[in-house]
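**Q** My questions all concern the structure below.
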């Protein structure tokens, strides 16, 4: 998603989100020519989301923040819609990273079971 693919990925998620009264509309605000020349910014349903900044690249975290920040906006929209599930990530920022739409009670059960390591437990996508 760090390479400009947020709109495509969120469009793929749209059918599942619609079942919970969230229809994601993504608008590109800025996508710089190089990572040093500015921020990658979108709007999701009118909410500004800074996908990454040059500082994120310096910190070697653009792939993580480019995943979590847009999903956190969607989680806010899910909460406002009164939906139960939220978006969680696994292996965030990696090539095998995944986003799951889960009931928080399922995540609590996974965590409390003690059967899974931290890297195998879904993490809630939240704002910085």
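Numbering (the UniProt record's numbering), first residue to last: 1 to 128.
Just so it is clear, CB atoms sit at the ideal spot from N, CA and C, and this is done for glycine as well.
Can you give me the start and stop residues for the beta strand (DSSP E) that residue 90 sits inside?
**A** Here residue 90 refers to the residue found at position 90 of the chain shown. Unbroken beta strand (DSSP E) run through residue 90: 86-90.
**Q** Measuring alpha carbon to alpha carbon, tell me which residue in 73, 92, 20, 95 is nearest residue 26.
**A** As a working note, residue 26 is residue 26 in the chain shown. For residue 26, the nearest C-alpha among the options comes from 73.
**Q** Which same chain residues end up closer than 6 Å to residue 32 when comparing Cβ atoms and leaving out the 5 residues on each side of it in sequence?
**A** Reading the chain shown from its first residue, position 32 is the one you call residue 32. Excluding positions up to five away in sequence, the list reads 38.
**Q** I'd like the span of the alpha helix (DSSP H) that includes residue 125, first residue to last.
**A** Taking the chain shown and counting its residues from 1, the one referred to as residue 125 is at position 125. Counting along the chain, residue 125 falls outside any alpha helix (DSSP H), and DSSP gives it neither H nor E.
**Q** Taking 9 Å as the cut-off, decide whether the C-beta atoms of residue 85 and residue 102 are in contact.
**A** Along the chain shown, one-based indexing puts residue 85 at 85. Along the chain shown, one-based indexing puts residue 102 at 102. Contact: yes.
**Q** Are the region 39-57 and the region 98-113 touching, with three or more C-beta to C-beta distances below 8 Å?
**A** The answer is no - the region 98-113 does not touch the region 39-57, with fewer than three Cβ pairs under 8 Å.
**Q** By the DSSP assignment, the alpha helix (DSSP H) with residue 131 in it spans what residues?
**A** In the structure as shown, the chain starts at 1 and stops at 128, and residue 131 therefore has no counterpart that could be examined.
**Q** Leaving out five residues before and five after residue 100 in sequence, what residues of the same chain have Cβ atoms less than 8 Å from its Cβ?
**A** The count along the chain shown starts at 1 and reaches residue 100 at position 100. So the list reads 87, 88, 89, 90, 122, once near-sequence residues are dropped.
**Q** Report the option in 8, 1, 15, 125 whose CA atom is closest to the CA atom of residue 75.
**A** Translated into positions along the chain shown, residue 75 becomes position 75. Of 8, 1, 15, 125, the residue nearest in Cα terms is 125.
**Q** So who's on the other strand from residue 112, going by DSSP bridges?
**A** As a position in the chain shown, residue 112 is number 112, starting the count at 1. Partner(s): none; residue 112 has no beta bridge.
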